[in-house]
Amino acid sequence: MKIIITLLLSTLAAYTYGQQNPGLVADNAQPVLISKQFSFTEGPAPDKKGNVYFTDQPNNTIWKYDTEGKLSLFMDSAGRSNGLYFDKKGNIIACADDKNELWSISPSGKVTVLLTDYQGRKFNGPNDLWITSKGGIYFTDPYYQRKYWERKKPEIDSQRVYFLAPGKKQAVMVADNIKKPNGIAGTKDGKTLYVADIGDNKIYKYRINKDGSLSDPQLFCNKGGDGMTVDEKGNVYIAGNGIFVFNPKGEQILHIDVPEKWTANLCFGGKDRKTLFITASETVYTLQMKVKGVE
196 MKIIITLLLS TLAAYTYGQQ NPGLVADNAQ PVLISKQFSF TEGPAPDKKG NVYFTDQPNN
256 TIWKYDTEGK LSLFMDSAGR SNGLYFDKKG NIIACADDKN ELWSISPSGK VTVLLTDYQG
316 RKFNGPNDLW ITSKGGIYFT DPYYQRKYWE RKKPEIDSQR VYFLAPGKKQ AVMVADNIKK
376 PNGIAGTKDG KTLYVADIGD NKIYKYRINK DGSLSDPQLF CNKGGDGMTV DEKGNVYIAG
436 NGIFVFNPKG EQILHIDVPE KWTANLCFGG KDRKTLFITA SETVYTLQMK VKGVE
């Protein structure tokens, strides 16, 4: 009887695990350490070829991890950049935290400052961003006091989400119902935007309107986090204590353990977009997947 009960429990556990792990991670794959030479990694973003660029924010650098597995320095004096995202022209759009600006960085490393303030007041500190298929830029603006800043308090009272429309020189505020917005990601169809409220341990989702405004705010899940990304099936990956994966209904379907004290951000890269690239404290990891990203 004891053997039968044990077999039944093992079968049930395997079934439950199978239900919670719906074929997202490649068979027998585990996170692979690429390097641990950094101070704090953030902002991974793939270019058109699948090369991934990421920041070492305290060291003021941007690094490149190419599709052949080579790691190289792309840029120093990088404006203390945090979140990154590529536009359609191949420029890196960066949340430059040093002076709380939004930058465009060309493939050769030339910097163009896109934004410096909101209605004459310095941003809190643009943190993460997502770009629509038409080139509109959504970005989060939480306040984290930095040692390298001269100011000791924010010029803007609220911590918000902003939108910079294509061709415009001023951003508009599109969400201010969040305590401390951090990670941000949109769906492939461009209809839904997810925002992590790291200050209230929640993820919200919004409907993206044709003019770039947001409407119909809804609680997506009671799980806050840092950076986020979305796969081709619409699953949302949330970085924090490892990686939490939620389906489009807001149900957790998977947790990926990352052996570091904090997982800050992630993206899909590689030639086939099936390599999950993970920035985790002083390290970067990769994980082979069965699904593609939508970046």
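In the working numbering, the protein residues as written are 196 to 490.
Don't be surprised by glycine CBs; every beta carbon is placed ideally from N, CA and C.
All figures in this text were calculated on a predicted structure; none of them were measured in a lab.
Item                                                                                                                                          : Value
Give me the Cα-Cα distance between Ser299 and Gly378, rounded to the nearest whole angstrom.                                                  : 19 Å
For the region 315-369, list the beta strand (DSSP E) runs that are entirely contained and at least 3 residues long, ordered along the chain. : 324-326, 332-336 and 355-359
Leaving out five residues before and five after Val220 in sequence, what residues of the same chain have Cβ atoms less than 8 Å from its Cβ?  : Leu449, Ile451, Leu482, Gln483, Met484 and Lys485
Where Glu263 and Phe318 are concerned, what is the direct C-alpha to C-alpha distance, given to the nearest angstrom?                         : 38 Å
Provide the residue span of the beta strand (DSSP E) that contains Ser410, from first to last.                                                : Leu409 to Cys416
Can you tell me whether Gly488 is buried or exposed, with buried defined as 16 or more other CB within 10 angstroms of its CB?                : buried
Under the assumption that Gly330 contacts Pro361 (Cβ atoms under 8 Å), give the Cβ distance between them as a whole number of angstroms.      : 4 Å
If you measure between the beta carbons of Leu228 and Thr478, is that distance less than 8 Å?                                                 : yes
Distance check for Leu268 and Gly464, CA to CA, integer angstroms please.                                                                     : 18 Å
Leaving out five residues before and five after Asn295 in sequence, what residues of the same chain have Cβ atoms less than 6 Å from its Cβ?  : Lys317, Phe318 and Gly320
Using DSSP's beta-bridge definition, name the partner residues of Gly437.                                                                     : Gly435
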